[in-house]
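K.L.:
Chain order of the listed sequences is A and B.
To get my numbering, take the position in the first sequence, counting from 1, and add 1069.
To get my numbering, take the position in the second sequence, counting from 1, and add 1069.
Just passing along the structure, written as structure tokens.
Number of protein chains: 2
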Amino acid sequence: MKIYLASGNVNKKKEVQELLPSHKIVLPKEEGIDFDPEETGSTFFENSMIKAKALYGIVQAPVLADDSGLCVDFLNGAPGIHSARYGALNGEHVSAEAGINKVLEELKGVKDRSARFACCMIFLLNEDRFYSVQETCEGNITEAPSGSGGFGYDPIFFVEEFGKTFAELSPEQKNSVSHRGRALEAITKLIEGL
Amino acid sequence: MKIYLASGNVNKKKEVQELLPSHKIVLPKEEGIDFDPEETGSTFFENSMIKAKALYGIVQAPVLADDSGLCVDFLNGAPGIHSARYGALNGEHVSAEAGINKVLEELKGVKDRSARFACCMIFLLNEDRFYSVQETCEGNITEAPSGSGGFGYDPIFFVEEFGKTFAELSPEQKNSVSHRGRALEAITKLIEGL
């Protein structure tokens, strides 16, 4: 089956392709499709569905989409769905450093540093049928960034199981416990069962 | 695992229990829980999630919830999420006959009678983790009701594969092709994999 990935990220494509060897994973840009819908939802599910339906509307074929973010308990779940724009004055995407600095600033002197990454992944088969999995990965926000792998808030997200931040893990280690890895693993089970 | 079913229906419990023999399925009323949340969502997913979160808030344990409805193409997807209240003057639930009569009236003389049942099932593990499957069953609206099995719009929903309405099928036949049967089958795969 040809599955369009609602993303521009070549690494995401590689990851999904490896988990679904019997299907053909395609990025919109590989077919010259300009794809950048406005994420106006109020939950990870809504934003993931906005992306999935926008791309389905163009390609009329099965689509895999996801929306992820960091939820810090002391900040009542922020940055959450605003993770990619946290600290921006104009609502635009900001650099990973800007988001990290804002979170560290807000947690200055705070003892409760518990947080979780969440990922809502949706496989949209057509306008009325879908599979969705929302998974999390529990961790703690460090006092300072550490590690150079991953992206976004990875350098300040400490995972007890490995005793390291996400940015200090190998891609394989990170995928084995991460919110995205878990959601993708569950949803691929359903796709393989089709 | 103890799984609460967001329903008062003993037959639904039996069906789910058979598909998940290694888990204990419990209805809220079996533990004296009064459960009847207002379904204010605008999609099957939203209403299913409202039920799931309302029950989770009470029991703080995994919950299985679903929301279903009939979507008629000529009626732009109606009755849809209003299936249980279609034809009611006051927004209350109506008898199956009242809903059926309204649909048949609206389709009087109409050739395009294509429709589908949709079911969105959600397994909520905690406030941040869930599995969801929305499945459909394609059919056509008959000219008159036929059959005495099932419930709701079943007597006017004709399935090509069996050459019968849902109300003329055995429970096993209906479950093998129905929107609920398919959604439940997919979601139980994920629950068994936990």
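Don't be surprised by glycine CBs; every beta carbon is placed ideally from N, CA and C.
Using the beta-carbon of each residue, which ones in chain A are nearer than 9 Å to A1187/B?
P.N.:
The contacting residues are D1197 and R1198.
K.L.:
Distance check for L1139/A and A1157/A, CA to CA, integer angstroms please.
P.N.:
The alpha-carbon atoms of A1157/A and L1139/A are separated by roughly 16 Å.
K.L.:
Would you please verify whether the beta carbon of T1234/A is less than 7 Å from any beta carbon of chain B?
P.N.:
Chain B, which has no Cβ nearer than 7 Å to the Cβ of T1234/A, makes this no.
K.L.:
Contact criterion: CB-CB distance below 7 Å. Does T1109/A meet it with respect to chain B?
P.N.:
No, T1109/A does not count as interfacial toward chain B.
K.L.:
Given that L1259/B touches chain A, what residues does it touch there, using C-beta distances under 8 Å?
P.N.:
Correct list: V1202, A1255, K1258 and L1259.
K.L.:
Within this structure, are the beta carbons of Y1073/A and V1141/A separated by less than 7 Å?
P.N.:
In this structure, V1141/A does not lie closer than 7 Å to Y1073/A by Cβ.
K.L.:
Counting only beta-carbon separations shorter than 7 Å, does T1112/B have a partner in chain A?
P.N.:
For T1112/B, the answer is no, since every Cβ of chain A falls outside 7 Å of its Cβ.
K.L.:
Between the Cα of G1232/A and those of A1252/A, G1250/A, G1208/A and F1114/A, spot the shortest distance and give me the residue it belongs to.
P.N.:
When only C-alpha atoms are compared, the closest one is G1208/A.
K.L.:
Does DSSP classify I1102/B as helix, strand or coil?
P.N.:
The answer is coil: DSSP assigns I1102/B none of H, G, I, E or B.
K.L.:
Pull up the DSSP beta-bridge partners for G1138/B, would you.
P.N.:
Beta-bridge pairing links G1138/B to A1187/B.
K.L.:
Can you give me the start and stop residues for the alpha helix (DSSP H) that K1071/A sits inside?
P.N.:
Taken as a continuous stretch (DSSP letters only), K1071/A belongs to no alpha helix (DSSP H), being part of the beta strand (DSSP E) at K1071 to L1074.
K.L.:
Going by DSSP, what residue range makes up the beta strand (DSSP E) through N1209/B?
P.N.:
Counting along the chain, the beta strand (DSSP E) containing N1209/B begins and ends at F1199 to I1210.
K.L.:
What's the gap between the Cα of S1217/A and the Cα of L1253/A?
P.N.:
Approximately 24 Å between the Cα atoms of the pair.
K.L.:
If you follow the alpha helix (DSSP H) that I1225/B is in, where does it begin and where does it stop?
P.N.:
Looking at the DSSP string, I1225/B is not in any alpha helix (DSSP H), and its letter there is neither H nor E.
K.L.:
Check the Cβ of E1126/B against every Cβ in chain A and list those closer than 8 Å, keeping chain order.
P.N.:
Reading the sequence as shown, one finds Gly at residue 1126/B and not Glu. Neighbours of G1126/B on chain A: none; closest Cβ ~16 Å, over 8 Å.
K.L.:
By a C-beta neighbour count over all protein chains shown, 10 Å radius and 16 as the cutoff for buried, is S1111/A buried or exposed?
P.N.:
Its Cβ having fewer than 16 others within 10 Å, S1111/A is exposed.
K.L.:
Could you have a look at T1234/B and say whether DSSP puts it in helix, strand or coil?
P.N.:
T1234/B falls in the strand class under three-state DSSP.
K.L.:
Nearest CA to the CA of I1119/B: which residue from E1100/B, D1103/B, D1136/B and A1130/B?
P.N.:
Nearest option by C-alpha distance: D1136/B.
K.L.:
Could you tell me if I1102/A is buried or exposed, where buried requires 16 or more neighbouring beta carbons within 10 angstroms of its beta carbon?
P.N.:
Exposed, since its Cβ has fewer than 16 Cβ neighbours within 10 Å.
K.L.:
Strictly below 8 Å CB to CB, what residues from chain D border G1262/B?
P.N.:
Protein chains A and B are contained in the structure displayed, whereas chain D is not.
K.L.:
Do C1189/A and I1113/A count as a contact pair if the criterion is CB distance below 7 Å?
P.N.:
First, the amino acid is wrong: residue 1113/A is Phe here, not Ile. Against a cut-off of 7 Å, the Cβ pair of C1189/A and F1113/A comes out as a contact.
K.L.:
T1205/A versus chain B: which residues are under 7 Å apart at the beta carbon?
P.N.:
Those are D1197 and R1198, listed as they occur along chain B.
K.L.:
What separation, rounded to the nearest whole angstrom, lies between the Cα atoms of P1106/A and A1123/A?
P.N.:
Their Cα atoms are separated by approximately 7 Å.
K.L.:
Check whether the segment 1232 to 1244 of chain B and the segment 1148 to 1168 of chain A are in contact - that is, three or more C-beta pairs closer than 8 Å.
P.N.:
No, they do not touch.
K.L.:
I'd like the list of long-range same chain contacts for K1071/B, defined as Cβ closer than 8 Å, with 5 residues on each side in sequence excluded.
P.N.:
The residues are H1092, K1093, V1095, A1130 and P1131.
K.L.:
Roughly how many whole angstroms lie between the Cα atoms of E1169/B and G1219/B?
P.N.:
At residue 1169/B the sequence reads Ile, which differs from the Glu that was named. Cα to Cα, the separation comes out at about 13 Å.
K.L.:
Leaving out the 5 sequence neighbours to the left and right, which residues in its chain are closer than 7 Å to E1175/B when beta-carbon positions are compared?
P.N.:
Closer than 7 Å at the Cβ level, and outside the excluded window around E1175/B, lie L1144.
K.L.:
Please list, in chain order, all residues of the same chain as E1108/B whose beta carbon is under 8 Å from its beta carbon, the five residues on each side excluded.
P.N.:
So the qualifying residues of the chain are N1116, I1119, K1120, D1136 and I1150.
K.L.:
Short check: CB of V1172/B to CB of A1255/B, under 7 Å?
P.N.:
It is not a contact, given that the beta carbons lie outside the stated cut-off.
K.L.:
Can you tell which of N1195/B, V1163/B, V1246/B and E1087/B has its C-alpha closest to the C-alpha of I1127/B?
P.N.:
Residue N1195/B is the option with its Cα nearest to I1127/B.
K.L.:
Leaving out five residues on either side along the sequence, give the residues of the same chain with a beta carbon under 7 Å from the beta carbon of S1183/B.
P.N.:
Excluding positions up to five away in sequence, the list reads D1142 and N1209.
K.L.:
Can you grab the Cα-Cα spacing for the pair E1084/B / Y1125/B, in whole Å?
P.N.:
Using only the alpha carbons, I get a separation of about 21 Å.
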